[in-house]
């Protein structure tokens, strides 16, 4: 069905992006014949609309792609009869949400001082946007703080509330949430960086970020571990 015909309250919500649509349709074609894929796609669209009926109104957020595109992925997973393991579609979701980091990685290298400081400014700007937004949209991303260690080239911030995690909890879909969270690790790797994250909003009190160049000594003190549910978590090497 054409998106303009879907029963969505545009005063509260926005439509998923074309990137998300292409991602889901690609996954459908991977596992099903054309006829079945087309039928499932329409069911996924309606599931997306059903989800939005009970979701907080976040359509006026400045960055909606990180809120609404994941809902389409959740809808896909809820509808398809066969549930593929995360590892089979992790790259597809990354390409959908953060594929631009692959191109950025050809220009930016967070081991370089100037690039690292520019990245800190960009993350700070996003942090400020989130801080202001939570005042009018209580269900949006809630920042826990931001800090830039200029001397050591470490960018630190955290979220104490994530709409994706809250959605997963409400709909008992925590098993699929790691495919969203893991994209952050993959994105930083494209920038020759390491994301040190010891917890997420679904597994702990906050989703913590410490971003450093992959040659930074701090990066060498952690290793990336995949939990049973597929979630990537940073673990201090002496604690493995």
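Residue numbers (the numbering used here): 513 to 752. The beta-carbon is built from N, C-alpha and C at its ideal position, and this holds for glycine as well.
In this model, residue 607 and residue 663 are separated by some 33 Å (Cα to Cα). Counting along the chain, residue 562 sits inside the alpha helix (DSSP H) bounded by residues 546 to 566. Between residue 525 and residue 564, the C-beta gap is smaller than 7 Å, which places the two residues in contact. The residue among 534, 600, 709, 717 with its C-alpha nearest the C-alpha of residue 733 is 709. Residue state for residue 713 is assigned as coil, using DSSP reduced to three classes. Listed in chain order, the non-local C-beta contacts of residue 670 below 8 Å within the same chain comprise 655, 656, 657, 718, 719, 720, 721, local neighbours out to five positions each way being set aside.
Collapsing the DSSP output to three states places residue 725 in a strand. Looking from the CA of residue 646, the closest CA among 573, 726, 750, 539 belongs to 573. If you draw a straight line from the Cα of residue 687 to the Cα of residue 694, it is about 13 Å long. In the DSSP assignment, residue 737 falls within the unbroken beta strand (DSSP E) covering 734 to 738. Under the three-state reduction of DSSP, residue 652 is assigned to coil, being neither helix nor strand. Three or more Cβ pairs drawn from the region 596 to 611 and the region 525 to 545 lie within less than 8 Å of each other, which places the two stretches in contact.
Take residue 712, set aside five residues on each side of it, and the residues of its chain with a beta-carbon closer than 6 Å to its own are 693, 719, in chain order.
Cβ-Cβ distances below 6 Å link residue 731 to 706, 724 in the same chain, with the five nearest sequence neighbours on each side left out; the list follows chain order.
When rounded, the separation of the alpha-carbon atoms in residue 639 and residue 622 is 19 Å. Taking 7 Å as the cut-off, the beta carbon of residue 602 is found no closer than this to the beta carbon of residue 747. Per DSSP, reduced to three states, the secondary structure at residue 659 is strand.
Counting other Cβ atoms within 10 Å of its Cβ, residue 652 reaches 16 or more and is therefore classed as buried. For residue 578, the enclosing alpha helix (DSSP H) starts and ends at 577 to 591. Unbroken beta strand (DSSP E) stretches of 3 residues or longer found wholly inside the region 664 to 711: 666 to 673, 705 to 708, given in chain order. Take residue 541, set aside five residues on each side of it, and the residues of its chain with a beta-carbon closer than 8 Å to its own are 549, in chain order. With a cutoff of 7 Å on beta-carbon distance, residue 614 and residue 702 are scored as near each other. Counting other Cβ atoms within 10 Å of its Cβ, residue 682 stays below 16 and is therefore classed as exposed. Of 667, 649, 617, the smallest CA-CA separation from residue 636 is found for 667.
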